[in-house]
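In the numbering used here, the protein residues as written are 14 to 97.
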């Protein structure tokens with residue numbers, strides 16, 4: 014999927030998404046192979062973007078959220094679901 018697809022599905026603007034990726038908050042499975050190539054987002058990438066967005070909306074820091082997605086994704090999902 015493209016940036017446009019991800020923006021449509023998640024509501025995250027391309028500039029914000031690019032910043033999250035560049036700062037290492039989102040670790041893409043479909044990361045571009047080099048300069049001049051576009052990222053090809055997987056469903057896991059989209060799920061992680063949505064999870065990152067929601068967790069930061071409820072007050073978790075971006076740094077903590079990124080660590081939890083990488084190491085404790087299931088627990089973070091349970092936490093987010095418990096407050097919705």
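Every residue, glycine too, gets a C-beta built ideally from N, C-alpha and C.
Please read these numbers as outputs of a predicted model, since none were measured by experiment.
#### Entry: Through-space distance from residue 14 to residue 78, alpha-carbon basis
Residue 78 sits at position 65 when you count from the first residue of the chain shown. Residue 14 sits at position 1 when you count from the first residue of the chain shown. Going from the Cα of residue 78 to the Cα of residue 14 covers about 23 Å.
### Inter-residue spacing [alpha-carbon to alpha-carbon] between residue 26 and residue 20
Counting from one through the chain shown, the residue named residue 26 turns up at place 13. Counting from one through the chain shown, the residue named residue 20 turns up at place 7. The alpha-carbon atoms of residue 26 and residue 20 are separated by roughly 6 Å.
### Query
When the cut-off is 9 Å and only beta carbons count, does residue 14 lie next to chain B?
Although the question refers to chain B, the structure presented lacks it and comprises just one protein chain.
### Alpha-carbon to alpha-carbon, residue 63 and residue 76
Stepping through the chain shown from its first residue, residue 76 is reached at position 63. Stepping through the chain shown from its first residue, residue 63 is reached at position 50. Between residue 76 and residue 63, the C-alpha separation is close to 15 Å.
### Message
Taking the alpha helix (DSSP H) that residue 18 belongs to, which residues open and close that run?
### Response
Numbered from its first residue, the chain shown carries residue 18 at position 5. Start and end: 16-23.
### Message
If distances are taken between C-alpha atoms only, which option among 66, 87, 42 and 96 comes closest to residue 55?
### Response
What you label residue 55 is simply residue 42 of the chain shown in a count that begins at 1. Among 66, 87, 42 and 96, the Cα nearest to that of residue 55 belongs to 42.
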